[in-house]
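Colleague: Residue numbers (this note's numbering): -8 to 320.
Positions of the beta carbon are idealized from the N, C-alpha and C atoms, including for glycine.
Please read all numbers here as calculations on a predicted model, not as lab measurements.
I have a structure I would like to understand better, so I am pasting it below and will then ask my questions one at a time.
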Amino acid sequence: MTFPYTRMRRMRKNDFSRRLMREHRLTADDLIYPMFVIEGKQVREAVPSMPNIERVSIDILLEEAKEIVALGIPMIALFPVISGDKKSLDAKEAYNPNGLVQRAVKALKDAFPELGVLTDVALDPYTTHGQDGIIDDEGYVLNDITVETLVKQALSHAKAGADVVAPSDMMDGRIGEIRDELEAEGFINTLIMAYAAKYASAYYGPFRDAIGSSGNLGKGNKFTYQIDPANSNEAIREVMLDIDEGADMVMVKPGLPYLDIIRRVKTELEVPTFAYQVSGEYAMHMAAFQNGWLDKDSVILESLVAFKRAGADGILTYFAKDAARLLKG
Ligand code: PBG
């Protein structure tokens, strides 16, 4: 009988040594909570494909923000639900200084100046067809005209007080154009988080239900601007371009199926890197939790620490409040 010279289990035996050798730690500081905002007063609307997630009016958003601050979550990401009559082909509601997002940002920054507010820069909530940009007669999303509108949208968010603008549209050259405009208008400290490596993913389905763009998008897809899930080098090039154009942070999206991309971005480019655990990942987890097939608390924490291990500096997740509560307790 020979004995294993290296017993890996020695370090695993006790809690003290497990804690000492732990490489990655998830804290509330790692979390960004995405929220859906809708017109009205005292509105809380359930999103059927996203249990426990609601579309809320600005007054409720402020109540929620109080809890989020108390939980130690540093930032929220805002997504608007725009009513049908405000959608158009040119998406001009996107840069209305009194639009829903702009008012929500102002209200949040007035009430909770210390809470970071990130806004989504893309036209899909505002277009009648649910595409992220302005289309031609064939339905093709036109790059340069769309960028002009995105620049106006980003500036209107900065003027409203957004700390971070996050272009999620995947048009070419938009980060540079937005950065130029922000500088020219004196918003030199507005941060840009580029959805740099954003894949053409079917995991966004529940989100499109939540903001009400899925009906408009119908059988349409976003293959002509979002990255093919089969590609990896392309994501690295996208991230390099966005950094060169002036992004402060980059994002990889979706999350768990794309941990390899997070690792490559972090290792090869060494920039602040964020991951988005998207709506479909949330829905899939919640379905298993509700059926009793997976243990909610432990799976939430395991799924989030996996992002840290892959190299993410932070995670946008619909589980942010649950995770922050678990980490507190
Ligand atoms: C829109 C946008 C999407 C998400 C964030 N911003 C959907 C899309 O590109 O169709 C997805 C977020 C999620 O699924 O949770 N530009």
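For ligand 1, is there any heavy atom lying closer than 6 Å to the beta carbon of residue 198?
Modeller: At least one heavy atom of ligand 1 is nearer than 6 Å to the Cβ of residue 198, so yes.
Colleague: Among residues of its own chain, excluding the 5 on either side of residue 93, which ones have a beta-carbon nearer than 8 Å to its beta-carbon?
Modeller: The answer, listed in chain order, is 87, 147, 148, 150, 151.
Colleague: Between residue 83 and residue 114, what straight-line distance do the alpha-carbon atoms span, to the nearest angstrom?
Modeller: Their Cα atoms are separated by approximately 9 Å.
Colleague: Buried or exposed: which applies to residue 214, given that a residue is buried once 16 or more other Cβ atoms fall within 10 Å of its Cβ?
Modeller: Looking at its Cβ environment, which holds fewer than 16 other Cβ atoms inside 10 Å, residue 214 is exposed.
Colleague: Taking 6 Å as the cut-off, is the C-beta of residue 111 nearer than that to any heavy atom in ligand 1?
Modeller: Yes, ligand 1 has a heavy atom inside 6 Å of this Cβ.
Colleague: Output needed for residue 28: all residues of its chain with C-beta closer than 8 Å, excluding positions within five of it in sequence on either side, in chain order.
Modeller: Around residue 28: 46, 47, 48, 49, 52, 69, 70, 71, 72, 91, 92, 95.
Colleague: Should the stretch 262 to 276 be called in touch with the stretch 35 to 45, which here means at least 3 C-beta pairs below 8 Å?
Modeller: The stretch 262 to 276 is in contact with the stretch 35 to 45.
Colleague: Got a sec? Which residues, its chain only, sit under 8 Å from residue 302 by beta carbon, not counting five neighbours each side?
Modeller: Counting only Cβ-Cβ distances below 8 Å, and skipping sequence neighbours, we find 253, 254, 256, 257, 258, 264.
Colleague: Any chance you could list the beta strand (DSSP E) runs of at least 3 consecutive residues sitting entirely within the stretch 222 to 252, in chain order?
Modeller: Counting whole runs of 3 or more residues, the stretch 222 to 252 contains the beta strand (DSSP E) stretches 240 to 244.
Colleague: According to DSSP, what are the bridge partners of residue 189?
Modeller: Note: residue 189 sits in a beta bridge opposite 244.
Colleague: Under a three-way DSSP split, which group does residue 111 fall into?
Modeller: Residue state, collapsed to three classes: strand.
Colleague: Is residue 24 close to ligand 1? I mean its beta-carbon at under 6 Å from any heavy atom of the ligand.
Modeller: Checking every heavy atom of ligand 1 against the Cβ of residue 24, none is found closer than 6 Å.
Colleague: Would you call the CB atoms of residue 19 and residue 64 closer than 7 Å?
Modeller: Yes, they are a contact pair.
Colleague: State whether the stretch 182 to 200 contacts the stretch 237 to 254, with contact taken as three or more CB pairs (one from each stretch) at a distance under 8 Å.
Modeller: Verdict: yes, contact present.
Colleague: Looking only at C-alpha atoms, which of -2, 315, 296 sits nearest to residue 14?
Modeller: If we check each option's Cα against that of residue 14, 296 comes out closest.
Colleague: Where do the ends of the alpha helix (DSSP H) carrying residue 155 lie?
Modeller: It is not in any alpha helix (DSSP H) - residue 155 instead sits in the beta strand (DSSP E) that spans 155 to 158.
Colleague: For residue 62 versus residue 315, is the C-beta distance shorter than 7 Å?
Modeller: For residue 62 and residue 315, yes; Cβs fall inside 7 Å.
Colleague: Give me, in chain order, the residues of the same chain whose beta-carbon lies closer than 6 Å to that of residue 38; leave out the 5 immediate sequence neighbours on both sides.
Modeller: Same-chain partners within the cutoff: 44, 201.
Colleague: Just reading off the alpha helix (DSSP H) that residue 291 is part of, what are its end residues?
Modeller: Element bounds for residue 291: 287 to 301.
Colleague: Could you spell out where the alpha helix (DSSP H) holding residue 261 opens and where it closes?
Modeller: Premise fails: residue 261 is in no alpha helix (DSSP H) and is neither H nor E.
Colleague: Looking only at its own chain, which residues have a Cβ that is under 8 Å from the Cβ of residue 133, when we skip the five neighbours before and after it?
Modeller: Around residue 133: 124, 125, 126, 127.
Colleague: Pick out the complete beta strand (DSSP E) segments inside the stretch 30 to 76, 3 residues or longer, and give them in chain order.
Modeller: Runs of the beta strand (DSSP E) inside the stretch 30 to 76: 35 to 37, 45 to 47, 66 to 71.
Colleague: Alpha carbon to alpha carbon, what distance is there between residue 237 and residue 103?
Modeller: For residue 103 and residue 237, the distance between alpha carbons rounds to 27 Å.
Colleague: Relative to the alpha-carbon of residue 158, which residue among 164, 204, 111 has its alpha-carbon at the smallest distance?
Modeller: The residue with the shortest Cα to Cα distance from residue 158 is 111.
Colleague: Can you tell which of 162, 81, 167, 222 has its C-alpha closest to the C-alpha of residue 118?
Modeller: Among 162, 81, 167, 222, the Cα nearest to that of residue 118 belongs to 81.
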